[in-house]
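Engineer:
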Amino acid sequence: MYPRLTPHRSRDDKKRIEDTKGGLLKDSYHWILGNPDFQRWRDDQQSRLLWIKGDPGKGKTMLLCGIVNELKKSIAKTDLLSYFFCQATDSRINNATAVLRGLLYLLVNQQPSLVSHIRKKHDHAGKTLFDDANTWVALSEIFTNILQDPSLNSTYLIIDALDECVADLPKLLDLIVQKSSISPRVKWIISSRNDTNIEQRLRLDDSGTRLSLELKENAEQVSHAVNTYIDHCLPELAEIQHDAVLQDLVREKMQQKANGTFLWVSLVIKELKDVMSWEVLQVLDEVPMELKDVYRRMMEQIKRLQRQYPKLCKQVLSTVIATYRPLHLQELHIISGLPTLVQNINQATAKIVKMCGSFLTLRNDNVYIIHRSARDFLVKEANHDIFPYGTGDTHQSIFSRSLQVMSRTLRRDMYGLGALGYPTERVKQPDPDPLAASRYLCIYWIDHLCNWNPNSSGSHRVYLQGGGAVDSFLQKKYLNWLEALSLCKSMSKGVVSMAKLEALVEEQMHLH
1 MYPRLTPHRS
11 RDDKKRIEDT
21 KGGLLKDSYH
31 WILGNPDFQR
41 WRDDQQSRLL
51 WIKGDPGKGK
61 TMLLCGIVNE
71 LKKSIAKTDL
81 LSYFFCQATD
91 SRINNATAVL
101 RGLLYLLVNQ
111 QPSLVSHIRK
121 KHDHAGKTLF
131 DDANTWVALS
141 EIFTNILQDP
151 SLNSTYLIID
161 ALDECVADLP
171 KLLDLIVQKS
181 SISPRVKWII
191 SSRNDTNIEQ
201 RLRLDDSGTR
211 LSLELKENAE
221 QVSHAVNTYI
231 DHCLPELAEI
241 QHDAVLQDLV
251 REKMQQKANG
261 TFLWVSLVIK
271 ELKDVMSWEV
281 LQVLDEVPME
291 LKDVYRRMME
301 QIKRLQRQYP
311 KLCKQVLSTV
321 IATYRPLHLQ
331 ELHIISGLPT
341 LVQNINQATA
351 KIVKMCGSFL
361 TLRNDNVYII
371 HRSARDFLVK
381 EANHDIFPYG
391 TGDTHQSIFS
401 RSLQVMSRTL
411 RRDMYGLGAL
421 GYPTERVKQP
431 DPDPLAASRY
441 LCIYWIDHLC
451 NWNPNSSGSH
461 RVYLQGGGAV
471 DSFLQKKYLN
481 WLEALSLCKS
491 MSKGVVSMAK
501 LEALVEEQMH
511 LH
């Protein structure tokens, strides 16, 4: 029963984060183990909540990855360790309900007897327990019961990037405050940017501790860790490996300009990989110290690209920002409307992604925004460049392409299963996958329709009225779409989406 708790896996997220950032370097986080605030949290039974806070790019996420690894090695075999990494750019892991699902899944996975709390609730509420509007309430009650269970072993709960929990964060913060005072056997570590709203909501008392990465003694440790990270990264610059003097100059200049920011180092190393040895020091001089200025420089470099490439880069960036989860190269190519006359779609799309400077990064052919601060810059400061006609226009384009692609690709029995009622857990994804091009669109097309501003365009009504594009699609492809949702294991999302669509149609009828 308990695997229904979450379709997402915190262990996978942790591994992906570490890999995307170039691996977890022990020397970059090891300082925290000797930190007095951390040691007090670890050793003092009354200290149950540690809040690690710091500015963007200071290495908070990798710090928590390191803490998870160290706790795994040091806690008793019977102790429980559950963790969750929030990510604002992925709708599957950017909300309070997802955090609770993820924490519960790992707890029950490690102490199976705790599943009784889920079964008790499930027997009463039925299959809709994790799929309807009351999911948060149900999960909160299960979570509370588990934390109060006398059989619960000593437990460590870790949540990274609370500021990236974009839906129902106040609920989650209130729950953390309440539950961190329940049991001395349960200890929490949370992290976030410096945020006054989070600070006020947490209301830390004697049982909680702030660990600010900007405090002088901590900032010095972070700066030292960044210097270690620079030493780790320099061998990646093949152009300067033959020149020890140049290596020392690069190291010294990077240490002077990094300002204790891991992300700055990562962005600069990525740019230096593409320059010749005699240009390295000049480029280092040109790179600003502040992250925002680095992003501005990257945006200007995109604008100076030749031919149609600035336009294509902006199409890709606007799509990555507007979509609700990271996209595969093939999905990105279709959804962003890149040219179709290419021999290899993945290679062509990867080339455009690389032209987007360091705003984007690739892992296993999936495209990710390099950091929350990069997304913030693109949404706020570069908004006019990325969304010249507003974000609604991008949502409208994605919605329109969704109907076109789904109408063209969806058909009956796409996986060739034959028999009706085939168990979804036994379904194996074919290779190549007939749903590869339309998987994302099947799940999220209605969200994009809803996020296209309905009051700004008469064509919105044309899509929704009887005989319009939406009506035509549902008349012809509704059953095929439901089958596709089932194959994507997203039927519950489809139910929510249809409710949103119904509400939107009713709203339009009342408006007009």
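So that you can map any letter, position 430 of the sequence shown is 430 in the UniProt record's numbering, and since no number is skipped, the others follow by simple counting.
Beta carbons are placed, not taken as given, at the ideal position from N, Cα and C, and that holds for glycine.
Quick check on the burial criterion: 16 or more other C-beta atoms within 10 angstroms. Buried or exposed for residue 289?
Structural biologist: Exposed.
Engineer: From which residue to which residue does the alpha helix (DSSP H) around residue 422 run?
Structural biologist: First-last for residue 422: undefined, no H or E at that position.
Engineer: Let's see if you can read the secondary structure: which residues bound the alpha helix (DSSP H) around residue 439?
Structural biologist: From DSSP, the alpha helix (DSSP H) with residue 439 extends over 439-451.
Engineer: Would you kindly work out how many angstroms separate the C-alpha atoms of residue 211 and residue 236, rounded to a whole number?
Structural biologist: Rounded to whole angstroms, residue 211 to residue 236 spans 32 angstroms at the Cα level.
Engineer: Let me check understanding here. Comparing Cα to Cα, which of 162, 113, 134 and 174 lies closest to residue 146?
Structural biologist: If we check each option's Cα against that of residue 146, 113 comes out closest.
Engineer: How is the alpha helix (DSSP H) around residue 262 delimited, first residue to last?
Structural biologist: 262-272 is the span of the alpha helix (DSSP H), which, as asked, contains residue 262.
Engineer: Check each candidate in 296, 217, 35 and 361 and name the one with the smallest Cα separation from residue 50.
Structural biologist: That would be 35, whose Cα lies nearest to the Cα of residue 50.
Engineer: Is it buried or exposed for residue 331, if we count other Cβ within 10 angstroms and need 16 for buried?
Structural biologist: Buried, because 16 or more other Cβ atoms sit within 10 Å of the Cβ of residue 331.
Engineer: Once you ignore the five residues that flank residue 75 on each side, which residues in its own chain have a CB closer than 8 angstroms to its CB?
Structural biologist: Around residue 75: 81, 154 and 156.
Engineer: Select from 69, 64, 184 and 278 the residue whose C-alpha is nearest the C-alpha of residue 43.
Structural biologist: Nearest of 69, 64, 184 and 278 to residue 43, Cα basis: 184.
Engineer: What residues match up with residue 160 in a beta bridge as DSSP calls it?
Structural biologist: DSSP lists 85 as partners of residue 160.
Engineer: Buried or exposed: which applies to residue 384, given that a residue is buried once 16 or more other Cβ atoms fall within 10 Å of its Cβ?
Structural biologist: Its Cβ having fewer than 16 others within 10 Å, residue 384 is exposed.
Engineer: Between 102, 55 and 41, which has its C-alpha nearest residue 12's C-alpha?
Structural biologist: The residue with the shortest Cα to Cα distance from residue 12 is 102.
Engineer: What is the DSSP secondary structure of residue 166, reduced to helix, strand or coil?
Structural biologist: Of the three classes helix, strand and coil, the one that applies to residue 166 here is coil, per DSSP.
Engineer: Tell me the start and end of each unbroken beta strand (DSSP E) in the segment 355-391 that is at least 3 residues and wholly inside, in chain order.
Structural biologist: Complete beta strand (DSSP E) runs here, min 3: 360-363 and 366-369.
Engineer: Using a Cβ-Cβ distance cut-off of 7 angstroms, determine whether residue 448 contacts chain B.
Structural biologist: Structure shown: chain B not included; a single protein chain is present.
Engineer: Compute the Euclidean distance between the alpha carbons of residue 18 and residue 432, then round it to the nearest angstrom.
Structural biologist: Roughly 28 angstroms between the two C-alpha positions.
Engineer: CA-CA distance, residue 166 and residue 372?
Structural biologist: Rounded to whole angstroms, residue 166 to residue 372 spans 12 angstroms at the Cα level.
Engineer: Spatial neighbours of residue 59 within its chain, please: C-beta separation below 6 angstroms, excluding the five flanking residues on both sides.
Structural biologist: Closer than 6 angstroms at the Cβ level, and outside the excluded window around residue 59, lie 262.
Engineer: Along the chain, which unbroken stretches of the alpha helix (DSSP H) at least 4 residues long are found entirely within the segment 272-323?
Structural biologist: Listed in chain order, the complete alpha helix (DSSP H) runs (minimum 4 residues) inside the segment 272-323 are 280-286, 291-303 and 309-322.
Engineer: What does the alpha-carbon distance come out to for the pair residue 181 and residue 320?
Structural biologist: Taking the straight line joining both Cα atoms gives about 40 angstroms.
Engineer: Might you give, ordered along the chain, the residues of its own chain that have their beta carbon closer than 6 angstroms to the beta carbon of residue 299, omitting 5 neighbours on each side?
Structural biologist: Excluding residues within five positions, the ones whose Cβ falls inside 6 angstroms are 382.
Engineer: So is residue 286 buried or exposed if we call it buried at 16+ other beta carbons inside 10 Å?
Structural biologist: That one is exposed.
Engineer: How big is the Cα-Cα spacing for residue 411 and residue 175?
Structural biologist: For residue 411 and residue 175, the distance between alpha carbons rounds to 45 angstroms.
Engineer: If we call anything under 7 angstroms between Cβ atoms a contact, is residue 121 one with residue 142?
Structural biologist: Yes, they are a contact pair.
Engineer: Mapping the DSSP letters down to three states, classify residue 52 as helix, strand or coil.
Structural biologist: Residue 52: strand per DSSP, three-state reduction.
Engineer: Taking the alpha carbon of residue 38 as the point to measure from, which residue in 190, 135 and 363 has its own alpha carbon closest?
Structural biologist: Measuring from the Cα of residue 38, the nearest candidate turns out to be 190.
Engineer: Where do the N-terminal and C-terminal ends of the alpha helix (DSSP H) with residue 477 fall, by residue?
Structural biologist: Residue 477 -> alpha helix (DSSP H) spans 469-487.
Engineer: To the nearest angstrom, how far is the alpha carbon of residue 463 from that of residue 489?
Structural biologist: Going by the C-alpha atoms only, they are around 27 angstroms apart.
Engineer: For the alpha helix (DSSP H) holding residue 10, just list the boundary residues, first then last.
Structural biologist: Segment 10-20, the alpha helix (DSSP H) holding residue 10.
Engineer: Run the CB neighbour count on residue 278, radius 10 Å, all protein chains shown included, and call it buried at 16 or more, exposed below.
Structural biologist: Counting Cβ neighbours within 10 Å, residue 278 comes out exposed, since fewer than 16 surround it.
Engineer: For the alpha helix (DSSP H) that contains residue 97, what are its first and last residues?
Structural biologist: Unbroken alpha helix (DSSP H) run through residue 97: 96-110.
Engineer: Would you check if there are 3 or more beta carbon pairs closer than 8 angstroms linking the segment 350-363 to the segment 303-313?
Structural biologist: Touching, yes, given that three or more Cβ pairs across the two stretches are closer than 8 angstroms.
Engineer: So, helix, strand or coil for residue 155, using DSSP?
Structural biologist: Residue state, collapsed to three classes: strand.
Engineer: Could you pull the start and end residues of the alpha helix (DSSP H) that residue 226 belongs to?
Structural biologist: From DSSP, the alpha helix (DSSP H) with residue 226 extends over 216-233.
Engineer: Quick one: grab the DSSP three-state call for residue 77.
Structural biologist: In this structure, residue 77 counts as coil in the three-state DSSP scheme.
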